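For the sequence shown, our numbering gives the first residue as 65, with consecutive numbering after it. Glycine included, C-beta positions come from ideal geometry on N, C-alpha and C. Just so we're clear, the structure is a prediction, and the values are computed from it rather than from any experiment.
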Amino acid sequence: MARSIKGFASDWGASLLGSVALLPALAAIATVTAAAILGDPLVGAGVVGVDAITRVATVAAGFMTGVLGWAIFALLTRRYARADRANIRMFSELRQRLSGAEEVHQVACHARSSTVEGSAACGEASGHLKSLRSTLGSDEVAAKGGPAWTLGAGYIAAWQQLHRAEEALLEAMPEDAVAALALYDAQRLDGSEIAQRERLLRILRVAVRALSPGLASQLDGNDDDPEITRMEARAVIRQTRRIINEYRDDCAAALVTLRRRLTQSVVFTGLSIYLILGLAIVVGAPISAIVAGSVFYLVGAVVGLLARIRTEARFKTDTEIDDYGVTSARMVHLALLSGMAGVAGVVLVGLLSGASLSEILDPSGMSGTDGGVVRQSLGRIFDLTSYPVGLVVAAIFGLAPERLLARLGDQAESLKLALDSSEASGSSGGGAGEGESEGSDVR
C-alpha cells in the first residue's frame, strides 16, 4: 500500500513538473475571465477601498484557479510521467535494444564463460542489463516513473547503461561478429564530427585485420600498420565504440539541457506576463482594455506560432532525430514572446502616431489632434472598436521573435546534425544510442 502511494505521488509530482509551463497560461485565462464577468466593479482609479480589495481578490482567485487546473491536469496525465509513456518512441527503441543485448549475453557468455576475459566482461554486462531491465520493466513488471523521464534525463541514463553493457559484450562475442560491429562503427565515424576520427578509423582497421583479415579490406588504410593481438583488437574496438557512444550521449544530453532551459524560460516569462496582467487589474484598468490587450497578445502569439510551424515544415527532413521535446518547448517560448511583441508593437505604433506623454497617460482615454495627426492615449489604443488596426499591428510584430530565436534553433539543429552524422548511412536517426548492425547477432 505504501509503495503504491509512493508511486502515485512520484508520478503526480513528475507530471506536475512536466506540465508546469501550463500554470501561467491557465492562471491568465482564469483571471481575464473573472475580470470580464465582474466587469464594472473592477474599474476605478487608485488601489484603496472596496473596489481595490475586489480587484486583488480577482487576481488571487484567478491564480489559484490556474494552480487548481494545473494540478488536475497533472493528476489526469500522471501515467504519462512513466518511462513507457513520456517518450513512447524512445522507450520502444530502448526495450528493443535491451532485448537484443540480453540475447547476445545469453549466447555469447555461455560460449566464453570459461575464459577470464569473457567471464569478467559477461559479469559487467549482466549487471548493467539487470539494472536496466528493472528500470524499463517487462510484460509482467511496469516501467519506472519519475521526474527524470518527463525531463528526458532518464532516457539518457538508460542509453548510457545500455551502451556500457553492449561495449562489455564485445569482449565475449565471436570474433567475426566483433569485426562486423567494428565495420559498422567505422561507418559511424566516417563523416562524423568526432575529434580525431581519422586516427580512430586507422586503429579500427588494425583491429579488424587482427580479427578478420578479409573484412579489413573494406576499410581504407595502410597494410604496413603494426600488428596487434586479438585480445588487444577487442579492447581497441570496445574503446572506439565507447568514444562514439559517449559522443552521441553527450549530444543527446545537451538537447535535454536545452529543453530544460527553454522550459524554465517559458515559466519565468509566463509568470512575468501574468504579473503585468495582475497589476493592470489591480490599478483599475478598464475591462475593455484588458480584453483588448489579451486579444492583441493572442493575435501576436498565433501569428508567430504559425510562422514557426511553416518554417519547421519547410526544413523537415526524411530522417527525424528525436530532440527530446526541444522543438515543442521552443514553439511555446516563441508563442509567449510573439504575444508580448504583438502588444508592445500596438503600443509603439500608438506612441509613434504623435501622442504626447500627458495624453498617453490620460486615464480618460480621450484623443486629441495636432496638425491633423491623431494622437492615441492608452485608453484608446487598448480599445478594439476605436483602434481595430491594432490587430494588424499585433500580427506584424508577432513575427519578430522568430528571427530573435533563430540562434536557439541553430543550436538545436547542430546537435541533431551531430547525432545524425555519427550514425551509419541507411540507419534511421533516433535516440542517443540507436543504430545496431546485423553483426550483433552471434548465432
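Have a look at residue i and residue j and give me their C-alpha separation to the nearest angstrom.
| i | j | result |
| --- | --- | --- |
| residue 218 | residue 365 | 32 Å |
| residue 467 | residue 376 | 13 Å |
| residue 449 | residue 353 | 11 Å |
| residue 391 | residue 156 | 21 Å |
| residue 191 | residue 369 | 47 Å |
| residue 68 | residue 122 | 38 Å |
| residue 214 | residue 93 | 25 Å |
| residue 477 | residue 130 | 34 Å |
| residue 322 | residue 389 | 9 Å |
| residue 198 | residue 212 | 15 Å |
| residue 228 | residue 207 | 21 Å |
| residue 102 | residue 347 | 15 Å |
| residue 300 | residue 267 | 7 Å |
| residue 398 | residue 146 | 28 Å |
| residue 465 | residue 239 | 55 Å |
| residue 165 | residue 70 | 31 Å |
| residue 479 | residue 137 | 32 Å |
| residue 80 | residue 336 | 20 Å |
| residue 172 | residue 86 | 50 Å |
| residue 151 | residue 351 | 42 Å |
| residue 509 | residue 247 | Outside the shown range of the chain (65 to 507) lies residue 509, about which nothing can therefore be said. |
| residue 159 | residue 120 | 52 Å |
| residue 72 | residue 144 | 12 Å |
| residue 51 | residue 400 | Lying outside 65 to 507, the shown extent of the chain, residue 51 is not represented and no answer is given. |
| residue 451 | residue 115 | 28 Å |
| residue 460 | residue 417 | 17 Å |
| residue 78 | residue 275 | 48 Å |
| residue 259 | residue 339 | 48 Å |
| residue 481 | residue 126 | 44 Å |
| residue 132 | residue 139 | 10 Å |
| residue 328 | residue 334 | 10 Å |
| residue 195 | residue 230 | 14 Å |
| residue 210 | residue 168 | 30 Å |
| residue 241 | residue 174 | 16 Å |
| residue 243 | residue 373 | 44 Å |
So residue i and residue j are in contact, right, with Cβ under 8 Å, and what is the actual spacing, rounded?
| i | j | result |
| --- | --- | --- |
| residue 443 | residue 360 | The Cβ separation is near 14 Å, so there is no contact. |
| residue 331 | residue 88 | 7 Å |
| residue 406 | residue 458 | 3 Å |
| residue 283 | residue 261 | 13 Å between Cβ atoms; not a contact. |
| residue 161 | residue 76 | Their Cβ separation, rounded to whole angstroms, is 30 Å, which puts residue 161 and residue 76 out of contact at 8 Å. |
| residue 249 | residue 305 | 5 Å |
| residue 349 | residue 447 | That belief does not hold up - the Cβ atoms of residue 349 and residue 447 are roughly 12 Å apart, past 8 Å. |
| residue 83 | residue 134 | 7 Å |
| residue 510 | residue 272 | With the chain represented from 65 up to 507, any question about residue 510 goes unanswered, as that position is not in the structure. |
Would you mind reading off the limits of the alpha helix (DSSP H) that contains residue i?
| i | result |
| --- | --- |
| residue 529 | The question about residue 529 has no answer, for the chain in this structure spans 65 to 507. |
| residue 302 | 294-346 |
| residue 463 | First-last for residue 463: undefined, no H or E at that position. |
| residue 513 | No answer is possible for residue 513: it lies beyond the span of the chain, which begins at 65 and ends at 507. |
| residue 120 | 114-140 |
| residue 91 | 86-102 |
| residue 230 | 217-233 |
| residue 277 | 277-280 |
| residue 392 | 390-416 |
| residue 487 | Unbroken run through residue 487: none, as it is neither H nor E. |
| residue 185 | 180-200 |
| residue 445 | 442-445 |
Run through the DSSP bridge pairs and tell me what residue i is partnered with.
| i | result |
| --- | --- |
| residue 209 | 146 |
Is residue i a contact residue of the ligand ADP, with contact defined as CB to any heavy atom under 7 Å?
| i | result |
| --- | --- |
| residue 191 | Although the ligand ADP was asked about, the structure shown includes no ligands whatsoever. |
(message) Could you check whether the segment 227-239 touches the segment 182-194, counting it as contact only if at least three pairs of C-beta atoms, one from each stretch, sit closer than 8 Å?
(response) yes
(message) Using a Cβ distance threshold of 8 Å, determine whether the segment 290-300 contacts the segment 343-357, with at least three qualifying pairs required.
(response) no
(message) Between the segment 312-331 and the segment 219-226, can you find at least three pairs of beta-carbon atoms closer than 8 Å?
(response) yes
(request) Would you check if there are 3 or more beta carbon pairs closer than 8 Å linking the segment 393-412 to the segment 479-486? (result) no
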